[in-house]
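Worksheet: the structure to be examined is printed underneath.
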Amino acid sequence: MLIGILIPSCDDKPLVLHEFESLDDYQAEVESDTQIVEHVGPASSLFVNEEGKPREPPVNQRATLLLWRHNRPSY
Numbered sequence: 001m002l003i004g005i006l007i008p009s010c011d012d013k014p015l016v017l018h019e020f021e022s023l024d025d026y027q028a029e030v031e032s033d034t035q036i037v038e039h040v041g042p043a044s045s046l047f048v049n050e051e052g053k054p055r056e057p058p059v060n061q062r063a064t065l066l067l068w069r070h071n072r073p074s075y
């Protein structure tokens, strides 16, 4: 079992610790098949909705900031 952090796209909703037992648990939370985005450092992953762009959901600013912070380009 893994402990993850749910990051709602609405800034008014709090972050929530959540236990995940299988890929199905991740997919249930993102309401679709998942795409895994690996972070460079610290080693971690974001599980995101694979169909997010075509569905045009609201931008999850907190998750985007986390991604930018941990996957900075190397120049």
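Residues 1 to 75 in UniProt numbering are what the sequence shown lists, from first letter to last. Ideal Cβ placement from N, Cα and C applies to all residues, glycine included. These numbers were taken from a predicted model, which means no experiment stands behind them.
Going by beta carbons, valine 48 and serine 9 fall outside the 8 Å limit.
Assigned with DSSP and collapsed to three states, glutamate 19 falls in strand. With 16 or more neighbouring CB atoms inside 10 Å of its own CB, leucine 46 falls in the buried class. In the structure shown, valine 40 adopts coil according to DSSP, grouped into three states.
Under the DSSP assignment, isoleucine 7 falls outside any beta strand (DSSP E); it carries neither an H nor an E label.
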